[in-house]
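According to our numbering, the residues represented by the sequence shown are 915 to 997, in order. Heads up, the beta-carbon is just placed ideally off N, CA and C, and yes, glycines get one too. Treat the numbers as computed from the prediction; the structure is a model and nothing was measured. Written below as structure tokens is the structure these notes are about.
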Amino acid sequence: MTSLTESELTYEKMKPWRDLLCALIQQAVEDAKGYKVFKRDDDTHESKRNYESARAFINSKFFMELTTILGLPGSKIIKKLIR
């Protein structure tokens with residue numbers, strides 16, 4: 915039986931949070947690619963609101979700090995969205 919080191923144990927405890935934050939970033943990237951126009955105005959409005967809030971999140975200082983902590987390439991994500 916192998917015992918986990920303290921850092922491995924901490925990583926295991928934080929994994930659900932890391933997964934959640936990574937999913938949040940992935941959704942923001944998808945939303946920031948653009949919004950869609952739907953037949954229903956409410957759906958178009960919601961899509962546009964998601965786009966605008968995703969862009970605000972990705973352009974925030976918090977996004978860069980979060981990606982740094984998670985070991986993700988924050989500036990590459992932003993550059994890819996700009997293209």
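- Here Tyr965 carries a helix assignment [DSSP, helix/strand/coil].
- Ile972 is positioned such that its CB atom lies closer than 8 Å to that of Ala942.
- At the C-beta level, Gly948 and Tyr925 stay beyond 8 Å of one another.
- Trp931 and Glu979 have their C-alpha atoms spaced approximately 15 Å apart.
- C-alpha of Phe952 to C-alpha of Met928: approximately 39 Å in a straight line.
- Nearest Cα to Arg963 within the set Ala937, Glu920, Arg954, Asp945: Asp945.
- Around Ile992, the same chain offers Ile972 as residues with beta carbons nearer than 7 Å, after the five sequence neighbours per side are excluded.
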